[in-house]
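Numbering (this note's numbering), first residue to last: 11 to 1020. What follows is a single structure, written as C-alpha cells, with notes after it.
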C-alpha cells in the first residue's frame, strides 16, 4: 500500500508500534510528512492543554503554521519547537527523534512528566534543549552526547536522578549546562574539562558528592560556576581560582575545606558573586587581594572558620552585600572594625552582616557614611563596646538593625528615631542604661523590639502603644519600675511573645490583657505585680507559655483559664494564690510543665494529665494540699472533712447534668417530629438557645438569594445571612431534602454538634426543622459566620478579571497556625469527647477561617461515632451516611472497604498539611501512574523540600538571603512540617502518627520558628 494512502492517525499508530520511522532523505515530501507525524505524536502525548493552544494543530492548516512550530524556508522542515510556559501536561514521545532538522526544542515551564526520550540523541542539528521546570523523571540519556551541535542544555527543576553521564563531555560546543534542582547523585565527570566553550555550569541543589575535578580548571570561558547545596567535599583545585573569566562562583552549603588563595582578587578580576556560605571548614585569613576584585557585588563567607582581621575593602565600590557571619574573625581588639570605614564608597551597599565573630572595640561613626540604601546591619554576638554613634540615624533605609549581645553602654541616641523604615531592632544583652526613650514609639513599622538584658530604668514608655505592628516585645532583665502601661495591651498584633520578666514592675495585671488574643508567650515573672489573675486572660487562647512566678498574685486560678488548652508551660510559683487546684489543668493536652509551688493552694491534687508525672509538675510549698500521685509524697486527704463537700457538689452537678441531658433529648426529638412548626433545639448545654423559624432564615438570607450564596455541597447549600433583630451575621446551611441521604446527614450533624465544643470547631448556633412557603420540608443548620471563608479559597485563590483586590495568600506562620488549629480540633474529637468522633471528610473547603485566620473544622454531615472496646480500639457505632470522604483526601483503606477509624482522619490531615505547604491539590494532574501527593512529598525529603514548596511561600521570603542562617532555620522547620505530613499520610493505618503527637510537634516547630 502506498505510504500516502495511510491516514495521519493510522500512521501515528504505526509509528507508536514500530518506533522511529526510517525514511529516505531523498524524498522531501516524505520528510515533511515525517515531521508532521512526529508533531501529531507529540500532541497525542499531551494529556492537558488548559489554554487550548494545540487546537491549531489540525488538518486545516500546514504544520509549519501551527502554534510554537517554526520551519526552515528551504525544505519546510521543522527547525524550532517552542511551547514554553503553556501549562501543558503529558510526556515527550519517542518520535521527537524524527524531527531531524530540529535546532531548538524549548518546552520549559510546563508540567511535563515521564522520561527524556533517548531518541533525542538522533537530533544531530539540535542546538537548544530546554526542558527546565517540569516534572520529568528518570536519568539523563547518555546518547544526548551525539547531539554534536548542542549549545544549550537545561533540564533544571525536574525530578531527574542518577549520575551525570560522562559521555556529555564530548559536547565540545556546549555553552550552557544546567541540571540544577534535581536529585542527581555521583560526582562531576572529569570529562567536563573538555567542554572548552562552556560558560555556565549550574548543578546546584542536587545530592552530588566527591571532589571537584582538577580538569575543570581548563574551562577558560566559564562565567558561572554554581555548585551550591550538594555534598561535595575536599579542597577546591587551585586551577579553578585561576579562571579569570569567572563572574559568579557559588560553593555554598557543601563540605569544602581549605584556604582561599591569597591572590584570588587578582586572578579573578571579573568576579561579581562569590559565596562559600555554610561549608564550616574554610579556614585561614580573608585574602588581602579581595579588594582588587572591583566588580564584586556579593561576598559571603558566613558559616566557616575564617580568622584574623578583615582587610581593607576600599576598592569594592559596587558591593551590595557582605556577610562574614559565624566565623572566628577579629581579636576583641580596638581596631577590629576599622575595615568598616573602607566600605563607605559603595553607593549600592544594602546588606552588612558580621555577627557571631570576635570583633571588639568601638563602633566607628563612619558607618553613618554607608549608603543610604543599606537595609540590613547585623553585628550581634561580638564584643563591640562604647556608645552607639549618633551617625546611625543617617541610615534611613534600615529594615533590620541588630546589635544584640555586645558590650554597648550609655543611652540610645535620639537620632535612632530617623530610622522610620525600621522593622527589627535588636539591642538585647548589652549595657545600655537610662530610660527607654519615648521616641521609640515613633518607629511605627517595628515588628520586633528586643531591649532585654540591659540596665534600662524608669517606666515603660506609653508611646510604645503606637507601635501597632509589633509581633515581639522583650523588655526583660532591666531595672524598669512602675505599672505595666495599659497601652501595651492594646497591641493586638503581639503574637510571638511579650516578656517583661525580672524588673521591678508593680500593680495589677490589666483586664485589657484579653486584647492579646494572638499572643503565644507571656512572661511577667520576677516582678512585684499584685492583685488577682485577671479572668480576661482566658481570652488569650493561643497562649503556649505563661510565666507569672515570683510576684504577689493572690486569689484562685480563674476558671476562664480552662479555655487555654494550647498551654505547654505554666509557672505560677512563688505567689500568694489560694483555693483548690483546678482540675481542668489536667485536661490540657499539650501541657508539659506545671509549677504551682510555694503558694497557698489547698485540697486534693488532681491525678490526670500533667499531674500524673511528678517530674513535670511541682506543688511543693503548699502545706494544705493532699492526695495526688504517690511521687508527690503528700498526705492522704481526709475524706470526711475535705471531700464530703466536693462529693455533695458533684452529686448536685450530676443531677443537673441528668436534667439537662433529658431536656436536650426532648429538644432533639422535637426536631425529628415537627414538620409544621419551626423548632430550634439547643445543640449544646453551653450554647444559648437561639430560636429561629423558616421565615427568620428566609428574611435573613434575602429569600435564599443567589447573591447570598456562599457554597454548594453534596447535601445542600450555604447562605450568608443577617438575623433581623440581633443583626448577627450567620451562615445558614440549607439541606437538600430531595437528596436521599440529606436527612440522615442533618441528623448526624445535629447529634455531633450538640455533643462537642472546642475553639477550633465551627460554632453552631441553632437548627431549624420546619416547612417552607410551598409546604415542603425544610431543614437548616445555623452557624457562626466565618468572615474569611474557607481554607480552600486561600490556598487556591481565584483571580477575578478586572478586580483590584490582590489574591489571597497565607504566609508561613499563618499556615502553621491553621495547621495547629486543625490538629487541635482532631485531637479533641478523638481523645476528649465522651464518644470518639471521626469527621470522615477533612479537606480545605471544610476548614473555615475567622477574622483572625483561626481555623475551624466544619461540616460533620458524614461524621461517625466510635465506641472503644475492651482493648481500647475504636469501633464503629453508627454507619451514618455511606459516603467515605472526598477523593484524594480519603485514606486508601476506605476505598477497599475498610472500617472507618480515627486513622482515616489522620490520613486526611496529612494530605491537607502537605497541600497547605506545597500548594498542590491531591487531585493535581501530575499525580498519576502510582504517584500521589504523599509519595511526591516523601521523595523530596529532606534535601528537595525547597523544590516542592508552594511558590507563594518562596515569594514571601524574597527579601531573605536564600543562603542565610535564618533561612536555613526556616527550611529546617519546613522540612519537619513536610515530614509530619508524610508520616500522617502513610499508606498503612498503623504507620500513621497520632494527632496528639502531631499537635505537639507542630507547636514545637512554631516555637522554634518564632
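For each residue, glycine too, the CB sits at the ideal point set by N, CA and C.
Query - Selection from 575, 930, 741 and 342 that minimises the alpha carbon distance to residue 798 - result: Along the chain shown, one-based indexing puts residue 798 at 788. Ranking 575, 930, 741 and 342 by Cα distance to residue 798 puts 741 first.
Query raised in the report: Which two residues bound the contiguous alpha helix (DSSP H) that contains residue 837?
Result: Counting from one through the chain shown, the residue named residue 837 turns up at place 827. Element bounds for residue 837: 822–841.
Query - For residue 272, the nearest candidate out of 262, 356, 63 and 252 (CA to CA) - result: Numbered from 1 along the chain shown, position 262 holds the residue referred to as residue 272. When each option's Cα is compared against that of residue 272, the closest is 252.
Query raised in the report: Quick one: what's residue 395 bridged to in DSSP?
Result: Indexing the chain shown from 1 puts residue 395 at position 385. Bridge partners of residue 395: 372 and 417.
Requested in this report: Give the single residue among 125, 186 and 637 whose Cα lies nearest to the Cα of residue 171.
Outcome: Against the chain shown, residue 171 aligns to sequence position 161. Per the Cα distances, 125.
Query - the segment 367–378 in contact with the segment 327–347 per 3-pair CB rule at 8 Å - result: yes
Query raised in the report: How long is the line joining the alpha carbons of residue 194 and residue 173, rounded to whole angstroms?
Result: Along the chain shown, one-based indexing puts residue 194 at 184. Along the chain shown, one-based indexing puts residue 173 at 163. Their backbone Cα atoms lie some 6 Å apart in a straight line.
Query - Exposure label - residue 460; buried when at least 16 CB within 10 Å - result: One-based indexing of the chain shown puts residue 460 at position 450. Looking at its Cβ environment, which holds 16 or more other Cβ atoms inside 10 Å, residue 460 is buried.
Query raised in the report: Would a C-beta distance cut-off of 8 Å place residue 137 and residue 102 closer than the cut-off?
Result: By one-based count along the chain shown, residue 137 stands at place 127. By one-based count along the chain shown, residue 102 stands at place 92. Contact: no.
Query raised in the report: Measuring CA to CA, which of 845, 857, 853 and 897 is closest to residue 875?
Result: Here residue 875 is taken as the residue at index 865 of the chain shown, counted from 1. Of the listed residues, the one whose Cα sits closest to residue 875 is 845.
Query - Span separating the alpha-carbon of residue 424 from that of residue 602 - result: Here residue 424 is taken as the residue at index 414 of the chain shown, counted from 1. Here residue 602 is taken as the residue at index 592 of the chain shown, counted from 1. For residue 424 and residue 602, the distance between alpha carbons rounds to 44 Å.
Query raised in the report: alpha helix (DSSP H) containing residue 708: first to last residue?
Result: Counting from 1 along the chain shown, the entry for residue 708 is found at position 698. Residues 704–710.
Query - Sequence ranges, beta strand (DSSP E) only - wholly within the segment 255–332, length at least 3 - result: 258–260, 265–268, 283–285, 291–294, 308–310 and 315–318
Requested in this report: Would you be able to state if there are at least three C-beta pairs under 8 Å between the segment 832–840 and the segment 764–773?
Outcome: yes
Requested in this report: Whole angstroms is fine: what's the gap from residue 728's alpha carbon to residue 716's?
Outcome: If you number the chain shown from 1, residue 728 lands on position 718. If you number the chain shown from 1, residue 716 lands on position 706. Residue 728 and residue 716: Cα-Cα distance of roughly 10 Å.
Report task. Out of 176, 994, 301 and 225, state which residue places its alpha-carbon closest to the alpha-carbon of residue 1027. Result -> Nothing can be reported for residue 1027: it is not among the residues displayed for the chain, which extend from 11 to 1020.
Query raised in the report: Quick one: is residue 344 buried, meaning 16 or more other Cβ sit within 10 Å of its Cβ, or exposed?
Result: Residue mapping note: residue 344 aligns to position 334 of the chain shown, counting from 1. Looking at its Cβ environment, which holds fewer than 16 other Cβ atoms inside 10 Å, residue 344 is exposed.
Query raised in the report: Looking at C-alpha atoms only, which residue of 445, 956, 488 and 504 is the closest neighbour of residue 983?
Result: By one-based count along the chain shown, residue 983 stands at place 973. For residue 983, the nearest C-alpha among the options comes from 956.
Query raised in the report: Can you check whether the CB of residue 483 is closer than 8 Å to the CB of residue 453?
Result: Counting from 1 along the chain shown, the entry for residue 453 is found at position 443. Counting from 1 along the chain shown, the entry for residue 483 is found at position 473. Taking 8 Å as the Cβ cut-off, residue 453 and residue 483 do not qualify as a contacting pair.
Query raised in the report: In three-state DSSP terms, what is residue 537?
Result: As a position in the chain shown, residue 537 is number 527, starting the count at 1. Residue 537: coil per DSSP, three-state reduction.
Query raised in the report: Tell me, which residues are paired with residue 774 by DSSP?
Result: Position 764 of the chain shown holds residue 774. Answer by DSSP bridge pairing, in chain order: 793.
Query raised in the report: Does DSSP classify residue 439 as helix, strand or coil?
Result: Sequence index remark: in the chain shown, residue 439 carries index 429 (1-based). Here residue 439 sits in coil by DSSP.
Requested in this report: Tell me whether the beta-carbon of residue 308 lies closer than 8 Å to the beta-carbon of residue 330.
Outcome: The residue given as residue 308 occupies position 298 in the chain shown. The residue given as residue 330 occupies position 320 in the chain shown. Cβ distance < 8 Å, so residue 308 and residue 330 count as in contact.
**Report entry** Exposed unless 16 or more other CB atoms sit within 10 angstroms - verdict on residue 282
**Finding:** Walking along the chain shown from the start, residue 282 turns up at place 272. Result: buried.
**Report entry** residue 163 beta carbon less than 8 Å from that of residue 139
**Finding:** As a first step, residue 139 is located in the chain shown; it is residue number 129 there, counting from the start. As a first step, residue 163 is located in the chain shown; it is residue number 153 there, counting from the start. Yes, they are a contact pair.
Requested in this report: List the whole-angstrom C-beta distance separating residue 203 from residue 189, where the pair is believed to meet the contact cut-off of C-beta under 8 Å.
Outcome: Numbered from its first residue, the chain shown carries residue 203 at position 193. Numbered from its first residue, the chain shown carries residue 189 at position 179. With a Cβ gap of about 17 Å, residue 203 and residue 189 do not count as contacting.
**Report entry** Three or more C-beta pairs below 8 Å linking the segment 783–795 and the segment 822–833
**Finding:** no
Query raised in the report: Looking at the unbroken alpha helix (DSSP H) that takes in residue 90, where does it start and where does it end?
Result: As a position in the chain shown, residue 90 is number 80, starting the count at 1. No alpha helix (DSSP H) holds residue 90; the beta strand (DSSP E) holding it covers 88–92.
Requested in this report: Evaluate residue 905 with the Cβ neighbour count: other Cβ atoms within 10 Å of its Cβ, from every protein chain shown; 16 or more gives buried, anything less gives exposed.
Outcome: The residue labelled residue 905 in the question sits at position 895 within the chain shown. Exposed, since its Cβ has fewer than 16 Cβ neighbours within 10 Å.
Report task. Please state whether DSSP places residue 608 in a helix, a strand or coil. Result -> On the chain shown, residue 608 is found 598 positions in, with the first residue counted as 1. Residue 608: coil per DSSP, three-state reduction.
Query raised in the report: Quick one, which of 915, 901 and 963 has its alpha-carbon nearest residue 1067's?
Result: Given that the chain is displayed from residue 11 to residue 1020, the structure contains no residue 1067 and the question cannot be resolved.
Query raised in the report: Roughly how many angstroms lie between the CA atoms of residue 70 and residue 176, to the nearest whole one?
Result: For the purposes of this step, residue 70 is taken as the residue at position 60 of the chain shown. For the purposes of this step, residue 176 is taken as the residue at position 166 of the chain shown. Roughly 46 Å separates the two Cα atoms.
Query - Rounded C-alpha distance that separates residue 552 from residue 866 - result: Residue mapping note: residue 552 aligns to position 542 of the chain shown, counting from 1. Residue mapping note: residue 866 aligns to position 856 of the chain shown, counting from 1. Whole-angstrom Cα-Cα distance: 14 Å.
Query raised in the report: Just the Cα atoms here: how many angstroms apart are residue 198 and residue 270?
Result: Walking along the chain shown from the start, residue 198 turns up at place 188. Walking along the chain shown from the start, residue 270 turns up at place 260. Distance between the alpha carbons of residue 198 and residue 270 is about 22 Å.
Query raised in the report: Hey, how far is the Cα of residue 621 from the Cα of residue 596?
Result: For the purposes of this step, residue 621 is taken as the residue at position 611 of the chain shown. For the purposes of this step, residue 596 is taken as the residue at position 586 of the chain shown. Taking the straight line from one Cα to the other gives about 6 Å.
Requested in this report: Would you mind giving the Cβ-Cβ distance between residue 857 and residue 918, rounded to the nearest angstrom? I have them listed as a contact below 8 Å.
Outcome: Stepping through the chain shown from its first residue, residue 857 is reached at position 847. Stepping through the chain shown from its first residue, residue 918 is reached at position 908. Incorrect: roughly 11 Å between the Cβ atoms, too far for contact.
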